[in-house]
Amino acid sequence: VDALILALSDEDSTVRSNAAEALGEIGDKTAVDALILALSDENSDVRSRAAEALGKIGDKTAVDALILALSDENSTVRSRAAWALGGIDDKTVADALILALSDENPDVRWSAAEALWKIGNKNAVDALILALSDDDLSIRWQAAGALGEIGDKIAVDALILALSDDDLPIRWRAAGTLGEIGDKTAVNALILALSDESSDVRSRAADALGEIGDKAAVDALILTLSDKDLNVCWHAIQAIEKIDLSYQLCPN
Numbered sequence: 030v031d032a033l034i035l036a037l038s039d040e041d042s043t044v045r046s047n048a049a050e051a052l053g054e055i056g057d058k059t060a061v062d063a064l065i066l067a068l069s070d071e072n073s074d075v076r077s078r079a080a081e082a083l084g085k086i087g088d089k090t091a092v093d094a095l096i097l098a099l100s101d102e103n104s105t106v107r108s109r110a111a112w113a114l115g116g117i118d119d120k121t122v123a124d125a126l127i128l129a130l131s132d133e134n135p136d137v138r139w140s141a142a143e144a145l146w147k148i149g150n151k152n153a154v155d156a157l158i159l160a161l162s163d164d165d166l167s168i169r170w171q172a173a174g175a176l177g178e179i180g181d182k183i184a185v186d187a188l189i190l191a192l193s194d195d196d197l198p199i200r201w202r203a204a205g206t207l208g209e210i211g212d213k214t215a216v217n218a219l220i221l222a223l224s225d226e227s228s229d230v231r232s233r234a235a236d237a238l239g240e241i242g243d244k245a246a247v248d249a250l251i252l253t254l255s256d257k258d259l260n261v262c263w264h265a266i267q268a269i270e271k272i273d274l275s276y277q278l279c280p281n
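So the sequence shown is numbered by my numbering: it starts at 30 and just counts up by one.
Structural data, given as structure tokens:
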């Protein structure tokens, strides 16, 4: 560790970058101060590796420096700083990550959404709802997952809209997230999703209805037993039995 800390001052930027990466792999907190200094290195690769290393070490003393790095001129540095903040168990980082959801670079927005998913802070709900309309599919995916982790019912209406997203993975994720939140106002929308063109979405919608547990969904789930995809049928059976064990459609 001591030798690698010294290497962060090497005249060769590749050496400094590799030293920062190695310190992150070792994970020794005695390197934190030196890595914070490396966030100001003239070379963007060194700064990005330092941010990543600080995230792996996970020491709260790096939070302020990483928040500053969210304003770095280099998008890779900003992205890794956002990722790093998600790896540090400190609720104070949410506001900075919420701002990063509006970054011009999609990689930064993706990392910010992922970090907010890990943190699970309710203050981020409104920003994550907006992120469900992001042009980038992967960011919408992360936002939906983060909303499920947070579990705030405020997000239900936006997630219901996401059940009509043009991209299959988002519809699948939205259905699952609605099941995680468990609000009965999503039941009718999930029943409609049982007719989605994708069998994966139909299965996921059935699972979600089982998680919510509203008997109003049973009739629709029984109709789903005639689905052409056997996997969807199986998920419908499981959902029915979760909602009302008296049906016992598959006792064996």
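Beta carbons are placed, not taken as given, at the ideal position from N, Cα and C, and that holds for glycine.
Residue range 228-241 is occupied by the alpha helix (DSSP H) that includes residue 241. Distances from the alpha-carbon of residue 81 to those of 260, 267, 108 put 108 closest. Contact between the segment 224-231 and the segment 240-248 is absent: fewer than 3 CB-CB pairs across the two stretches fall below 8 Å. Excluding its 5 nearest sequence neighbours in each direction, residue 185 has C-beta neighbours in its own chain below 8 Å: 207, 210, 212, 214, 215, listed in chain order.
Annotated three-state conformation of residue 178 is helix, per DSSP. Residues of the same chain with a CB within less than 8 Å of the CB of residue 258, apart from the 5 flanking positions on each side, are 228, 231, 232 in chain order. Contact check for residue 114 and residue 95: beta-carbon distance about 5 Å, within the 8 Å limit, so the pair qualifies. Cβ-Cβ distances below 6 Å link residue 103 to 73 in the same chain, with the five nearest sequence neighbours on each side left out; the list follows chain order.
Taking the C-beta atoms as reference points, residue 177 is found nearer than 8 Å to residue 205. Within the segment 142-217, the alpha helix (DSSP H) runs of at least 4 residues that lie entirely inside it are, in chain order, 154-160, 166-179, 185-191, 197-210. In this structure, DSSP gives residue 133 a state outside helix and strand, which the three-state scheme calls coil. Annotated as proximal: residue 33 and residue 52, with beta-carbon spacing under 8 Å. Unbroken alpha helix (DSSP H) stretches of 4 residues or longer found wholly inside the segment 92-140: 92-98, 104-115, 123-129, given in chain order. Between residue 98 and residue 68, the CB-CB gap stays under 8 Å.
Looking at the backbone, the Cα of residue 153 and that of residue 135 are separated by about 18 Å. Bounds of the alpha helix (DSSP H) holding residue 271 are 259-272. Here the alpha carbons of residue 203 and residue 247 stand approximately 21 Å from one another. Cβ neighbours of residue 70 within its own chain (closer than 6 Å, five residues either side excluded): 76.
Non-local C-beta neighbours of residue 198 in its own chain, meaning closer than 7 Å and more than five positions away in sequence, comprise 166, 170, ordered along the chain. Excluding sequence positions up to five before and after residue 110, its CB lies within less than 6 Å of the CB of 80, 95, 98, 99, all in the same chain and listed in chain order. Here residue 30 carries a coil assignment [DSSP, helix/strand/coil]. With a threshold of 16 other beta carbon atoms within 10 Å, residue 130 meets it and is buried.
DSSP, read as helix, strand or coil, puts residue 70 in coil.
For the set 245, 219, 260, 254, the Cα lying nearest the Cα of residue 273 is the one of 245.
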